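First up is the structure itself, then whatever we jot down about it.
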Amino acid sequence: MTTVLKATSKGQITLPAKWRKNFTTDQFIATQKGNILEIAPLDLTKMQTQDELTVFDALRDNNGKGIAAKDLAALLKKMQ
61 MTTVLKATSK GQITLPAKWR KNFTTDQFIA TQKGNILEIA PLDLTKMQTQ DELTVFDALR
121 DNNGKGIAAK DLAALLKKMQ
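Here it is in structure tokens:
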């Protein structure tokens, strides 16, 4: 299916519901390849590899609140 998508004044586009219902995720990744914009469903659980290490997860580590970069840097220094 091909359709014309119009960007809002904030640069946002809406994916048609018919397309979104074909996927089990509500997250998508957009990649620019030359003059082509490719939009694909994003499944973060499949993207994680054994080489990755999560050092801070706001939901897990801080009741859903972020922390300042300087505070994160200080915590990382303590881990060394």
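Residue numbers (my numbering): 61 to 140. We put the beta carbon where it would ideally sit given N, CA and C, even for glycine. As the structure is a prediction and not an experimental result, all values here were calculated from the model.
Beta-bridge pairing of residue i - partner residues as DSSP gives them
{"i": "Phe88", "result": "Pro101"}
{"i": "Ile96", "result": "Lys93"}
Best match in the options for proximity to residue i [C-alpha to C-alpha]
{"i": "Ala134", "options": "Val115, Lys125, Ile96 and Leu119", "result": "Val115"}
{"i": "Ile148", "options": "Ile89, Asp121, Arg80 and Asn122", "result": "Only positions 61 to 140 of the chain appear in this structure, which leaves residue 148 out of reach."}
{"i": "Lys78", "options": "Thr68, Gln72 and Thr63", "result": "Thr63"}
{"i": "Leu104", "options": "Asp121, Thr84, Lys93 and Ala118", "result": "Thr84"}
Length of the line joining the Cα atoms of residue i and residue j
{"i": "Thr91", "j": "Asp131", "result": "32 Å"}
{"i": "Lys70", "j": "Lys138", "result": "41 Å"}
{"i": "Lys66", "j": "Leu102", "result": "22 Å"}
{"i": "Arg80", "j": "Asp86", "result": "8 Å"}
{"i": "Asp121", "j": "Ile96", "result": "39 Å"}
{"i": "Ala129", "j": "Leu136", "result": "10 Å"}
{"i": "Thr68", "j": "Thr74", "result": "9 Å"}
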